[in-house]
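S.K.:
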Amino acid sequence: MASLDVESLTLDGKNKTTVLCSRCPSKILCPQVGTYVVKEFSLPSMHHKTEGETDTAEDVKDYWQVNDMYHFENIGFSKTIDDRKYLICADCEIGPVGWHDLNTKMNYLALSRVKHTDV
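Numbering (the working numbering), first residue to last: 415 to 533.
1. Taking the beta carbon of T531 as the centre, do at least 16 other beta carbons fall within 10 Å, making it buried, or is it exposed?
2. If I'm right that E487 touches K441 with Cβ under 8 angstroms, what's the distance once you round it to whole angstroms?
3. Among the residues of its own chain, which have a CB less than 7 angstroms from the CB of G509, if the five just before and after it don't count?
4. Evaluate H514 with the Cβ neighbour count: other Cβ atoms within 10 Å of its Cβ, from every protein chain shown; 16 or more gives buried, anything less gives exposed.
5. Which one of G448, E472, P439, K493 has the shortest CA to CA distance from P458?
6. Which residues share a DSSP beta bridge with N481?
7. Along the chain, where does the alpha helix (DSSP H) containing S436 start, and where does it finish?
8. If you compare alpha carbons, which of D469, C435, D476, V433 is closest to F455?
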């Protein structure tokens, strides 16, 4: 995976641009809502597994932390798995694009799994 230019995506520690779904034109987050954080977390891969294939995961560390789930423009939540829910696009249901911690109520949107645009 190509490395992210985090500096070009942030302004005063927050997302500088609008965050969109990587597959559809759905707006997920408005500018200046998410705070950039580095947090190691293993997210399941974003593809449909075929019969006989095991689940794979990707270690992701760059996230937009969103303190309140109502600050998202368009996001869906998976069923609870352990102490978390996974974040998905509410329109096309691709994901996971991040995760929600049930203990802290914090949301983490992976920079590498979304698009960033000035629109």
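Glycine is no exception: its CB is placed at the ideal position from the N, C-alpha and C atoms.
M.R.: So, from the data block:
1. It is exposed - the Cβ of T531 has fewer than 16 other Cβ atoms within 10 Å.
2. Contact between E487 and K441 holds: CB atoms are separated by about 5 angstroms, below the 8 angstroms threshold.
3. Excluding sequence neighbours, G509 sits near M460, Y500, L501, I502, C503.
4. With 16 or more other Cβ atoms within 10 Å, it is buried.
5. In this structure, E472 is the residue among G448, E472, P439, K493 with its C-alpha nearest to the C-alpha of P458.
6. For N481, DSSP records no beta bridge to any residue.
7. According to the DSSP assignment, S436 belongs to no alpha helix (DSSP H), since it is labelled neither H nor E.
8. Closest by alpha carbon: D476.
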